[in-house]
Amino acid sequence: MSTFRLNLMALKEENEVLNEIKKEDQYTNHHDFKTEEQSFSCSQTETTSIQERAQKSENISYFNCQDCGKSFTHKGSINRHMKIHTGEKPYSCPQCGKDFHQHGGLKVHMSIHTGERPFTCQQCGKRFKRIVNLDYHMRVHAGKSPFTCHQCGKNFCRKGTLDYHMRVHTERPYTCPHCTKSFSQKGKFEYHIRNHTREKPYICPQCGNGFIQKGHVIDHIRIHTGEKPFTCQQCGNSFRQKGCLNRHMKTHIGEK
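Residue 1 is where the sequence shown starts when you use full-length UniProt numbering, and the numbers rise one by one after that.
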């Protein structure tokens, strides 16, 4: 996925947020009346609006899934949904062959191979494929991590991330068929399996070298681009990897 397409997606997401804010402002302005007469007029308008929406709702045609009972207002939506039940995955990754139900899923997946992460945190240099992930990450710097693990004390911005983390303490559902080692997270399990199979699904688009882990191809691509996103705040030296910066920072220990 090109940087242009990713930026376009980001603009669309931001536009949706602005539209929601605009709707809230319109709702507030509509209800902020001063007199009883105006308030009564507003009440009449609301009643009429509710009746109109109810009438429209009755006229909507719903498409029901015969397998699970879910309802959809558009035929295209139920067609996409039915692929979950049929197992149909018509969109294949040309790099590794992984299949997807929807074209959007394939587009997000392709950034794994290209290493594109156009959204960069200005505080720590960490990069993200989508702007929404950068927004969640920024909460860490802002101290907005309200979900705390009661076993180890780690904090998380989202409840889903905390739930995922809790598997580390409570369960290990992914078992390696080669050596019976088990894992709490699917990503770590898949990485471990590649140590047995020697599969290298992450391909450098510049030179064709393959890598077992996504982070490795991202670091490798910086060799071609010359990018060094991790900068020492004390002396200005820049590095391709966060680990290199951390090792460098130790050289400043003891300096006045």
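The beta carbon of each residue, even a glycine, is placed where N, CA and C say it ideally should be.
All values reported here derive from a predicted model rather than from experimental measurement.
Spatial neighbours of residue i within its chain, please: C-beta separation below 8 Å, excluding the five flanking residues on both sides.
i      : result
Tyr136 : Cys157 and Arg158
Gly105 : Tyr91
Ile84  : His101
His248 : Cys232, Asn237 and Phe239
His81  : Cys65, Lys70 and Phe72
His141 : Cys121, Gln123 and Cys124
Please return the same chain residues whose Cβ sits closer than 7 Å to the Cβ of residue i, not counting the five positions on each side in sequence.
i      : result
Ile78  : Phe63, Cys65 and Phe72
Lys126 : His137
Might you give, ordered along the chain, the residues of its own chain that have their beta carbon closer than 6 Å to the beta carbon of residue i, omitting 5 neighbours on each side?
i      : result
Phe189 : Tyr174 and Phe183
Lys129 : Ser111 and Arg117
Pro205 : Thr114
Glu36  : Low per-residue confidence applies at Glu36: pLDDT is 38, beneath 50, and the placement is therefore not dependable, though the value from the model is reported in the following sentence. Answer for Glu36: no residue qualifies.
Thr197 : none
Glu227 : none
Asn155 : Ser145 and Thr148
According to DSSP, simplified to helix, strand and coil, what is residue i?
i           : result
Tyr202      : strand
Ser77       : helix
Asp135      : helix
residue 303 : Absent from the structure is residue 303, since the part of the chain shown begins at 1 and ends at 256.
Tyr62       : coil
Asn246      : helix
Thr148      : strand
Thr161      : helix
Asn155      : strand
Thr197      : helix
Thr175      : strand
Compute the Euclidean distance between the alpha carbons of residue i and residue j, then round it to the nearest angstrom.
i      : j      : result
Lys89  : His109 : 14 Å
Gln241 : Gln185 : 24 Å
Gly97  : Tyr91  : 9 Å
Gln234 : Thr251 : 11 Å
Gly153 : Tyr191 : 26 Å
His101 : Gly236 : 46 Å
Asn246 : Ile223 : 19 Å
Ser41  : Arg139 : The pLDDT assigned to Ser41 is 45, lower than 50, so where the model puts this residue is not dependable, and the model offers no usable value.
Gln95  : Ile131 : 25 Å
Cys176 : Lys214 : 20 Å
Gly160 : Lys70  : 23 Å
His216 : Cys124 : 19 Å
Ser145 : Tyr164 : 15 Å
Thr86  : Arg167 : 30 Å
Cys93  : Cys207 : 19 Å
Cys244 : Glu199 : 27 Å
Report the CB separation of residue i from residue j in whole angstroms; it is logged as a contact under 8 Å.
i      : j      : result
Pro201 : Thr120 : Actually they are not in contact, since the Cβ atoms of Pro201 and Thr120 sit about 25 Å apart, beyond 8 Å.
Phe147 : Leu162 : 4 Å
Gly210 : Ile203 : 5 Å
Gln151 : His178 : Between His178 and Gln151 the Cβ distance is about 30 Å, and since that is not below 8 Å, they are no contact.
Ile218 : Arg194 : Actually they do not touch by this definition, with Cβ atoms about 16 Å apart.
Per DSSP, which residues does residue i bridge with? Please list them.
i      : result
Arg127 : Thr120
Phe211 : Tyr202
Asp99  : Ser92
Thr180 : Thr180 is not bridged to any residue.
Thr225 : In DSSP, Thr225 forms no bridge with anything.
Phe189 : DSSP, once it has assigned bridges, lists no residue as partnering Phe189.
Thr231 : Ser238
Does the Cβ of residue i lie closer than 7 Å to at least one heavy atom of the ligand ATP?
i      : result
Pro118 : Among the ligands in the structure shown, none appear at all, so the ligand ATP cannot be discussed.
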